[in-house]
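Undergrad:
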Amino acid sequence: MANESSQISTTSSQALSNFLAWLASHNCPTPGLNLQWTPERGVGVYAAQDLDLIDDAPVARIPSDLLLGASKVRALANGRSQPARRLRACLDAIALDPEIVLDERLTIVVFLIWARFCEGGAEGNVDEGVEEGGDVIPATFWQPYVKILPGSVTTPLFFPAAARVLLCGTGLDVAAGSKARKLHGEHARLEAHLRLLEPPTETTTPPLVGLVELRWADGVYWSRVISFRSSASFADPAAPAATDADDCHLVPFVDFCNHSCSPRLRWHMPDAGGCIELRAVGDGPVAAGEEMFISYGAKPNAELLFMHGFVMPANANDYVAFPAPFLEAQVEGDEEDGEDEVEEEGATPAEREEREARRRRRGAALLAIKDKLTFLSALSLRPMVEIHAPRPNDPLLADDPSRGILDDSSLLVMFAAVLTAEDGFGRTDNGSAEVPEFGLGGEPIYPLTPDTFRRLVDALPHREIVLLRVWSVLLELAGYRLYELASSEGPNTGDDGEGGDDGPEEAADGVDNPDATAKGESSAKEAGPESGADLEEKEESPEVRQVRAFRKIQFNLLAAASEELGSLQESYAQLPVVVAYLNAASEVVDAVQ
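The sequence shown begins at 1 in UniProt numbering and counts up one residue at a time.
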């Protein structure tokens, strides 16, 4: 489910036919639907004939034995073939390693590496399987599916250098770097265990499995995985809860559906783990050859680009996220900047006293931030703030002081960020370490719920001053991100329409080596049926176009939010209660001086 748009090879075209035949042979016919490749969006699901959709009617059914989860991998590893034994040896070694947690994700990632790079059916034997419910499952069972998985995942970790440079200033450059370091560390811990997947050789050869292969498997997993438990409420709120022990699955055929904000299909679990259906969304005709989209959920463009490699220009769910801007973090940063100004040796008593005062202020700031994080956690709020495009004229937002810029959760996070002990906000002495109590304005926040917190904030006599702080801090956040975007390469137009999916054959080695390819894979330039080896590269890659579009979308959203925040800041600064508060504060400062 990633935006992978390079040419697909003729071999892969045959693999698509083999995959559809494999589905049909396992009680998974797809009447009326077909898989097709296009240069814009890679492999997608299309109407094979004229259809007349009826809302909520099933159009395809994926049986339970084709839902690939950790249990299926473990059953496969119990086989008697040599490849299956190597898979089991690897999983067992990882499970025994105290530094590694063998969760569902890692189990499926190891399977993908084994099936794609270390097994390939060369040693598979149909008669050497594991019996499950009377059926024999050969080691090569999943090969028709694995062979049509893309050779690379075109997400920021795999972007070419030109696209990675354009990520600077968007926040995704930091996320991509963090992800790359995390996978590098994971590979270091897994390296010896992954060697167990490789068939024995008589000569010393380079390992088949390296960091490139781990990155590929991780990217395929995250761009295609469906969490039955966490996604069921979005896909179908009335669906029963799954009883299958596995939560995360790869669902063949369904995972080739591309994303749209106006989907024609949705996935549905009709019973507890029995199968997955594709059902119609709405009534109406569909012409043969029309692509059948699903929705990946209410995701912002940053998540779509990071996880799937594309953005949606008209994304009603878009926002720009920032870590909670705790006011105490400014104190901590200021004190840290001056921490080494005076060496302890040779310092005067006054300098030592000032140094100790800085340490106390920094310690108090750190403690306040820790308490605020505990407070937000108790309210089930993430310490993140989402800035949305303003909607000042929306009648549904008449009671929203932010004019649509913040949702309810982000507004509460901002309140926690800007309130201080001077407002009577913080941990009280009445609670315990296990069950802390917090107060605001002389009142306990009890029960400790978002509604109680919001009610007490609204009851503050200086509520408008608190809101003015919120607008000012948000304006600073948005302004700094706009500065970062403007000071790096400026945003240009890039509208690729609907989100893309699968197709490229090049597996680049992420942020460290964009020219490396995964073992056994040809680059798109070599393999594409519409491109010869001498085809000149386009001036701008699809990845660059997507990042340019992302930059422009983010810039425009923040510019609109900044304009509205500036208006809010100006209007609140003129309120009588705010003017009186600021005048009183100024008099206190003058008296102290």
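Note that CB positions come from ideal geometry on N, CA and C, so glycine has one too. Computed from a prediction, not measured in an experiment: that's the story for all the values here.
R105 and Y221: beta carbons closer than 8 Å?
TA: Going by C-beta atoms, R105 is nearer than 8 Å to Y221.
Undergrad: Which residue wins for smallest C-alpha separation from G44, given the options P29, A357 and I148?
TA: That would be I148, whose Cα lies nearest to the Cα of G44.
Undergrad: Please state whether the Cβ-Cβ distance between Y572 and W471 is less than 8 Å.
TA: Contact: yes.
Undergrad: With a threshold of 16 other CB atoms inside 10 Å of the CB of P390, please say whether the residue is buried or exposed.
TA: So P390 counts as buried.
Undergrad: Can we say the stretch 53 to 65 touches the stretch 246 to 259, given the rule of at least three CB pairs closer than 8 Å?
TA: Enough Cβ pairs lie closer than 8 Å, so yes.
Undergrad: What is the rounded straight-line gap between the Cα of C257 and the Cα of I294?
TA: Each residue's alpha carbon lies about 6 Å from the other.
Undergrad: How about S402 and M307: are their beta carbons less than 8 Å apart?
TA: Against a cut-off of 8 Å, the Cβ pair of M307 and S402 comes out as no contact.
Undergrad: Report yes or no: do the stretch 542 to 556 and the stretch 159 to 167 share at least 3 C-beta pairs separated by less than 8 Å?
TA: With a cut-off of 8 Å, the stretch 159 to 167 and the stretch 542 to 556 count as touching, because enough Cβ pairs lie within range.
Undergrad: Can you list, in chain order, the residues of its chain whose CB lies under 8 Å from that of R74, leaving out five sequence neighbours each side?
TA: Same-chain partners within the cutoff: L91 and T107.
Undergrad: Taking A48 and A288 to be in contact with their CB atoms under 8 Å, please state how far apart those CB atoms are, rounded to whole angstroms.
TA: About 7 Å; that satisfies the 8 Å criterion.
Undergrad: Around the Cβ of S377, are there at least 16 other Cβ atoms within 10 angstroms (buried) or fewer (exposed)?
TA: Exposed, since its Cβ has fewer than 16 Cβ neighbours within 10 Å.
Undergrad: Consult DSSP for N556 and reduce its assignment to one of helix, strand or coil.
TA: Helix, per DSSP.
Undergrad: With DSSP run on the structure shown, which of helix, strand or coil describes residue 597?
TA: Residue 597 falls outside the range modelled here, since the chain spans only 1 to 593, and no answer is possible.
Undergrad: Would you say the stretch 300 to 314 touches the stretch 350 to 363, given that touching needs at least three Cβ pairs under 8 Å?
TA: At 8 Å Cβ cutoff, the stretches do not touch.
Undergrad: Between the alpha carbons of L482 and A180, how many angstroms are there, rounded?
TA: Answer to the nearest angstrom: the Cα atoms are 26 Å apart.
Undergrad: Here's the rule I'm using: 16 or more other beta-carbon atoms within 10 Å means buried, otherwise exposed. How should R116 be labelled?
TA: The residue is buried, with at least 16 neighbouring Cβ atoms inside 10 Å.
Undergrad: What would DSSP say about W37, mapped onto helix, strand or coil?
TA: The answer is strand: DSSP assigns W37 an E or B state.
Undergrad: Compute the Euclidean distance between the alpha carbons of P58 and L66, then round it to the nearest angstrom.
TA: Distance between the alpha carbons of P58 and L66 is about 17 Å.
Undergrad: Tell me whether the stretch 428 to 438 and the stretch 391 to 399 touch, counting them as touching only if at least three CB pairs, one residue from each stretch, are closer than 8 Å.
TA: These segments do not touch.
Undergrad: If you drop the 5 nearest sequence neighbours on each side, which residues of the same chain put their C-beta closer than 8 Å to that of H462?
TA: Hits under 8 Å: D423, V577 and Y581.
Undergrad: Look up C90 in the DSSP assignment and say whether it is helix, strand or coil.
TA: The answer is helix: DSSP assigns C90 an H, G or I state.
Undergrad: Beta strand (DSSP E) containing E386: first to last residue?
TA: That run of the beta strand (DSSP E) goes M384 to I387.
Undergrad: When the Cα atoms are used, what is the spatial distance from R359 to A176?
TA: If I take the Cα positions, the gap works out to 34 Å.
Undergrad: CB C118 to CB L197, shorter than 8 Å?
TA: For C118 and L197, yes; Cβs fall inside 8 Å.
Undergrad: How would you write the range of the alpha helix (DSSP H) that Y483 sits in, first residue to last?
TA: Looking at the DSSP string, the run of the alpha helix (DSSP H) that includes Y483 is R463 to S487.
Undergrad: Please classify Q546 as buried or exposed, where buried requires at least 16 other C-beta atoms within 10 Å of its C-beta.
TA: When all chains shown are included, Q546 counts as buried.
Undergrad: Distance, Cα to Cα, A302 vs G42?
TA: Cα to Cα, the separation comes out at about 21 Å.
Undergrad: What did DSSP end up calling H193 once you bin it into helix, strand or coil?
TA: Note: H193 maps to helix in three-state DSSP.
Undergrad: Would you tell me roughly how many angstroms separate the C-alpha atoms of S71 and D247, rounded to the nearest one?
TA: Taking the straight line joining both Cα atoms gives about 10 Å.
Undergrad: Spatial neighbours of P207 within its chain, please: C-beta separation below 7 Å, excluding the five flanking residues on both sides.
TA: Same-chain partners within the cutoff: R195 and E198.
Undergrad: From H388 to A368, what does the alpha carbon distance come to, in whole angstroms?
TA: Computed Cα separation, rounded: 28 Å.
Undergrad: Spatial neighbours of F415 within its chain, please: CB distance less than 6 Å, with the 5 preceding and 5 following residues excluded, ordered by chain position.
TA: Correct list, in chain order: V457.
Undergrad: Assuming the contact rule is C-beta atoms closer than 8 Å, L53 and G282 should be a hit. Round their C-beta distance to whole Å, please.
TA: Indeed they touch by this definition, with Cβ atoms about 7 Å apart.
Undergrad: I need the straight-line Cα distance from N18 to P150, nearest angstrom please.
TA: Approximately 15 Å, taken between the alpha carbons.
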